[in-house]
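Structure, as structure tokens:
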Ligand code: FAD
Ligand code: DLZ
Ligand code: SF4
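In our numbering, the protein residues as written are 13 to 523.
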């Protein structure tokens, strides 16, 4: 009998591992396992989401009359790991072959690669066709290139899939319309509600399990409102395309106090676990442009995130693993402060982003990049600790997408392999793109002293501290020129303020 394994982020009916399923003879296998749920202490809402989506997918497979075994976490004899569960089912059901779609994470692939010898049966690992660029094609694209840049990869993907193309030219004449995007927030913006689904019996049962078994994990379990079936995820996608896409581009980088969802799509959870396919999201957005419902700047910007960034990030992950995990180009070693776990802080931007992360297991890209990430970068937090935090807290986090975003994009810990310069910024950026500073104890206009916004001095201190490693970066040349012009007294004040602040933070004082 053939065993077809479906992992928790493979909840797609057309997944390659099921493509030639023999309904009468094959067995599909899904399992909730302790090891997977605790190798990092995932946010409660994240665990509830994955388990509920898995259990709903199982019901859908059963409804198709497929032969499926589903192992709940609290089944009495649950073996606790993929490997041990597979061993058990092989023995129980007389399995003579395993078919699985390649797992999205290196850790799990390394495990599966030991099964063939360990269990002495063939294990066929198939391509994950839901991604739009294979690992091999990405590698080919990198060959012979001195520097990798997402923008060039993205253009090739647009051509390859004929998305927003006018013959062989980009629609509208430009590949990228970001110059029209990224407006600061303004008063009176009306932000549509995000998709909400009431928990059904399955979700309620899972929530009880999570409350009981994962009570010591970070994050709010209730209210639980994520889509947990493909049908619901499609509703969430349609809601985005009809209600938000039109202004997605304009306010893509804007942050407003108590508005966690802004005009973003909130579909990363669904794409990453397989309820939605990247290509269908892209096509729906393109259709909206073709029908005159959404402007090009919004649609191009949205499509670039998926066909560009998402695929590029995955390509880098598989190109560079397992070494990528060890990167620490800037030799940052500071421990993650307690404020990331909801500990008290007077920095309103961080407080707000952590609060929303705790509530929703979601924060939008600019909150992750320019607030939470920017602070981690300029205060020199250890990449291991920052990576672990990002893996834990977001419901869309799997290592293939989390690690390059953290190590490469926010921490510059790969020395500029993924992105060309660190995304370091002072308080002025946060003030321009949000209303957080208005309710902050610190003054964003002050550069030094007790009242000053810590981002202001930490930004320059970061550049000073890392000058040896960053000065040669031509994209930072202008900034280092202005640092050269800064008088010695000002530089001393920056260093002094930063040292005091970081010392207080290390001493667990409220900063
Ligand atoms: P939208 O802003 O509406 O974008 C649409 C889609 O584009 C997203 O759903 C996502 O699939 C894709 N996308 C956009 N940016 C990226 C990106 N940089 N990398 C990969 N896909 C992208 N995304 C994850 O899916 N999982 C993570 O664990 C994750 N960790 C991140 C950590 C940091 C430090 C940063 C800066 C970004 C991270 N991202 C991650 C990328 C991005 O922030 C999220 O994909 C996005 O916020 C999800 O919200 P959304 O669906 O509303 O996205
Ligand atoms: C994220 C997650 C969690 C928390 N639990 C499980 C689980 O118990 N069983 C499972 O099959 N998948 C789970 N997942 C998703 C997996 O982490 C993801 O499928 C693999 O790590 C991909 O390599
Ligand atoms: Fe954040 Fe500084 Fe603004 Fe306060 S003043 S919200 S710390 S950027």
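Each residue gets a CB set at the ideal place from its N, CA and C atoms; glycine is no exception.
Residue 347 counts as exposed, since fewer than 16 other C-beta atoms from the protein chains shown sit within 10 angstroms of its C-beta. For the pair of segments examined, the region 408–424 was found not to touch the region 217–236: the number of CB pairs separated by less than 8 Å stays below three.
In the structure shown, residue 452 falls within a coil segment according to DSSP collapsed to helix, strand and coil. Taking every residue with its beta carbon within less than 7 Å of a heavy atom belonging to the ligand SF4 gives, in chain order, 359, 360, 361, 362, 439, 442, 443, 448, 449, 452, 454, 455, 456, 465, 466, 467. Nearest in C-alpha terms to residue 477, of all of 64, 308, 459, 503, is 503.
Contact between residue 17 and residue 112 holds: their C-beta atoms lie close to 4 Å from each other, under 8 Å. Separation of residue 264 and residue 195 (C-alpha to C-alpha, rounded to the nearest whole angstrom) is 8 Å. Under the 10 Å beta carbon count, residue 126 is surrounded by fewer than 16 other beta carbons and is classified as exposed. The way I'd put it, the region 206–215 doesn't touch the region 282–296; fewer than three beta-carbon pairs between them come closer than 8 Å. With three or more CB-CB distances shorter than 8 Å, the region 377–388 counts as touching the region 429–440.
Residue 488 counts as buried, since at least 16 other C-beta atoms from the protein chains shown sit within 10 angstroms of its C-beta. A residue is called buried once 16 or more other Cβ atoms fall within 10 Å of its Cβ, and residue 320 is buried on that count.
In the pairwise beta carbon analysis, the region 254–264 is classified as touching the region 310–324: at least three pairs are separated by under 8 Å. If you ignore the 5 residues before and after residue 223, its C-beta comes within less than 8 Å of the C-beta of 56, 233, all in its own chain and listed in chain order.
Relative to the non-hydrogen atoms of the ligand FAD, the Cβ of residue 55 never comes closer than 7 Å to any of them. Per the C-alpha coordinates, the member of 508, 21, 302, 267 positioned closest to residue 448 is 267. Spatial neighbours of residue 458 in its own chain (CB-CB distance under 6 Å, excluding positions within 5 residues in sequence) are listed in chain order as 464. Secondary structure of residue 446 (DSSP, three-state): strand. By the neighbour-count criterion, in which 16 or more other beta carbons inside 10 Å mark a residue as buried, residue 208 falls on the exposed side. Its chain contains 273, 278 as the residues whose beta carbon lies nearer than 6 Å to that of residue 206, once the 5 sequence neighbours on both sides are disregarded; these appear in chain order. Approximately 4 Å separates the beta-carbon atoms of residue 505 and residue 460; this is inside 8 Å, confirming the contact.
In terms of Cβ geometry, residue 135 and residue 110 form a close pair [threshold 8 Å]. Look at residue 226 here: in three-state DSSP terms it is coil, with no helix or strand label.
In the DSSP assignment, residue 459 falls outside any alpha helix (DSSP H) and carries neither an H nor an E.
Per DSSP, the unbroken beta strand (DSSP E) holding residue 113 starts and ends at 109–113.
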